[in-house]
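Step one of this worksheet: look at the structure below.
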Amino acid sequence: MHDLIHRAAQHLRTATHAIALTGAGISTPSGIADFRSAGTGLWEQTNPMEVATIYAFRQNPARFFNWIQPLAASIRQARPNTAHAALAHMEQTGIIHLVITQNIDGLHQRAGSTQVAEVHGHVREATCMSCYLVVPSESYQAPVIANGAVPHCPHCNGVLKPNVTLFGEALPAQAMLMAVQATRQCDVMLVAGSSLEVSPAADLPELALGHGAKLIIVNLTETHLDRCADVLIQGDVADILPRIADQIDHAG
Ligand SMILES: [Zn+2]
């Protein structure tokens, strides 16, 4: 294990444009359940295609907010963990240039990362489905978190949709542009806590590998790109990332 951490640190320290790609596994140590993990996920009980599509949202927003309420509550309570902190530290020391994340919880920014591409959106704002007014979440989230109430637009009373990407919706264009441009430039990509099952996370590492970038994967479970990784560490990101950051700092 120490050798793997040493090698990961060396790749990152000598990179000119390292980036990170994170998924649900980096937020599970903060108490946010992985949607997809067997037995515990929100999606075990309900088929997401019945509630978490843009079509279902338009037809039945009450059902959507009832379904999302436990996740909204856990995001509200969550604090960044040592893995988020390690990535923020690596940005501050000039190692990591961008964190691309599938997570909607905003924990990277709360840990101190400033360069973050949220490719599945975020929960800091919502948009009115009728007049497209953008509303900060503080103004409506308390009843959503308390009892799954449907939030309404302060201007026209239309239904507010959180700025997260639902099935059937396009990914946020600006975040995706940042993510793809950084991936094209990167010479090292650190994948942390993503099983690389969902697009675009499934595709970006292949884009990086395609132009010769090194791939470091830190994840508890297997991914389809494990055999392509220059360094593969099967472990908890909250344990491993601080050790990698520490190793970079003390390499002289
Ligand atoms: Zn409105």
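Here the sequence shown is numbered in the working numbering, starting from 1032 and rising by one per residue.
We put the beta carbon where it would ideally sit given N, CA and C, even for glycine.
Which residue wins for smallest C-alpha separation from residue i, given the options the options?
{"i": "residue 1241", "options": "1251, 1259, 1155, 1172", "result": "1259"}
{"i": "residue 1257", "options": "1227, 1215, 1244", "result": "1227"}
{"i": "residue 1210", "options": "1151, 1100, 1155", "result": "1151"}
{"i": "residue 1178", "options": "1118, 1097, 1064, 1250", "result": "1097"}
{"i": "residue 1217", "options": "1243, 1192, 1201, 1208", "result": "1243"}
{"i": "residue 1160", "options": "1077, 1044, 1192, 1279", "result": "1192"}
{"i": "residue 1199", "options": "1088, 1045, 1205, 1046", "result": "1088"}
{"i": "residue 1172", "options": "1035, 1079, 1078, 1099", "result": "1099"}
{"i": "residue 1106", "options": "1065, 1219, 1090, 1206", "result": "1065"}
{"i": "residue 1195", "options": "1168, 1220, 1185", "result": "1168"}
{"i": "residue 1265", "options": "1251, 1272, 1273", "result": "1251"}
{"i": "residue 1220", "options": "1053, 1033, 1277", "result": "1053"}
{"i": "residue 1222", "options": "1208, 1267, 1201", "result": "1267"}
Below 8 angstroms between beta carbons: does that hold for residue i and residue j?
{"i": "residue 1275", "j": "residue 1197", "result": "no"}
{"i": "residue 1183", "j": "residue 1175", "result": "no"}
{"i": "residue 1236", "j": "residue 1246", "result": "yes"}
{"i": "residue 1040", "j": "residue 1282", "result": "yes"}
{"i": "residue 1126", "j": "residue 1148", "result": "no"}
{"i": "residue 1224", "j": "residue 1055", "result": "yes"}
{"i": "residue 1136", "j": "residue 1063", "result": "yes"}
{"i": "residue 1117", "j": "residue 1272", "result": "yes"}
{"i": "residue 1092", "j": "residue 1181", "result": "yes"}
Give the secondary structure of residue i by DSSP, where H, G and I count as helix, E and B as strand, and everything else as coil.
{"i": "residue 1126", "result": "coil"}
{"i": "residue 1037", "result": "helix"}
{"i": "residue 1223", "result": "strand"}
{"i": "residue 1069", "result": "Any reading at residue 1069 needs caution, since the residue's pLDDT is 48, under 50, leaving its predicted position unreliable; the model's value is listed next. Residue state, collapsed to three classes: coil."}
{"i": "residue 1108", "result": "helix"}
{"i": "residue 1252", "result": "coil"}
{"i": "residue 1048", "result": "coil"}
{"i": "residue 1235", "result": "helix"}
{"i": "residue 1152", "result": "strand"}
{"i": "residue 1218", "result": "coil"}
Excluding five sequence neighbours on each side, which residues of the same chain lie with their C-beta closer than 7 angstroms to the C-beta of residue i?
{"i": "residue 1061", "result": "1109, 1110, 1111, 1112, 1138"}
{"i": "residue 1128", "result": "1048, 1049, 1050, 1146, 1213"}
{"i": "residue 1263", "result": "1248, 1257"}
{"i": "residue 1165", "result": "1156, 1158"}
{"i": "residue 1261", "result": "1042, 1245, 1246, 1247"}
Suppose the cutoff is 8 angstroms on Cβ atoms and the five residues either side in sequence are ignored; what does the same chain contact list for residue i look like?
{"i": "residue 1163", "result": "none"}
{"i": "residue 1233", "result": "1227, 1255"}
{"i": "residue 1279", "result": "1040, 1043, 1044, 1121, 1124, 1126"}
{"i": "residue 1186", "result": "1159, 1162, 1164"}
What does DSSP give as the partner residues of residue i in its beta bridges?
{"i": "residue 1159", "result": "1191"}
{"i": "residue 1178", "result": "None; residue 1178 has no bridge partner."}
{"i": "residue 1183", "result": "1190"}
{"i": "residue 1198", "result": "1084"}
{"i": "residue 1244", "result": "Bridge partners of residue 1244: none, in fact."}
{"i": "residue 1165", "result": "1158"}
{"i": "residue 1147", "result": "1130"}
{"i": "residue 1265", "result": "1250"}
{"i": "residue 1053", "result": "1132, 1223"}
What residues in its chain sit with their C-beta under 6 angstroms from that of residue i, if we drop five residues either side in the sequence?
{"i": "residue 1069", "result": "Confidence at residue 1069 is low in this model, with a pLDDT of 48, below 50, so its placement is unreliable and the value that follows should be read with caution. Contacts found: none."}
{"i": "residue 1103", "result": "1175, 1176"}
{"i": "residue 1206", "result": "1148, 1149, 1150"}
{"i": "residue 1269", "result": "1060, 1112, 1113, 1114"}
{"i": "residue 1141", "result": "1111"}
{"i": "residue 1134", "result": "1058"}
{"i": "residue 1094", "result": "1082"}
{"i": "residue 1038", "result": "1262"}
{"i": "residue 1203", "result": "1152"}
{"i": "residue 1143", "result": "1119"}
Compare the C-beta of residue i against all C-beta atoms of chain C and say whether one is closer than 8 angstroms.
{"i": "residue 1048", "result": "In the displayed structure, chain C is absent; only one protein chain is listed."}
* Give me every residue whose Cβ sits closer than 6 angstroms to any heavy atom of ligand 2, in chain order. => Inclusion of ligand 2 in the displayed structure is not the case, the ligand content consisting of ligand 1 alone.
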